[in-house]
Amino acid sequence: MAKKKELGYEESLRKLEEILHRVENEEIPIDQLTELVSESMGLLKNCKSMLKGAESKVEEAFNEMED
Numbered sequence: 022m023a024k025k026k027e028l029g030y031e032e033s034l035r036k037l038e039e040i041l042h043r044v045e046n047e048e049i050p051i052d053q054l055t056e057l058v059s060e061s062m063g064l065l066k067n068c069k070s071m072l073k074g075a076e077s078k079v080e081e082a083f084n085e086m087e088d
């Protein structure tokens, strides 16, 4: 099985915006809506992880400046 490519922050955010637009503007069957919610949760988790990683790197940089 091929390894799934992890999306960058901007791409994840763009996909979240697309899903939101669809949910707000289309009639979506409940089965498909469930899939979209699940996909959104994965994208949000990915964004949160990247933001935490960036925060950690910024903190490290500031700590190195103080030393």
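Counting the sequence shown from 1 gives a position; this note's numbering is that position plus 21.
The beta-carbon is built from N, C-alpha and C at its ideal position, and this holds for glycine as well.
Taking the Cα positions, L65 is about 8 Å away from S33. Put simply, of V58, E81 and G74 the residue whose alpha carbon is nearest the alpha carbon of E39 is V58. Between N84 and E27, the beta carbon gap of about 27 Å keeps them out of contact (Cβ cut-off 8 Å).
As for any alpha helix (DSSP H) of minimum length 4 sitting wholly inside the stretch 46-88, the runs are 51-87, ordered along the chain.
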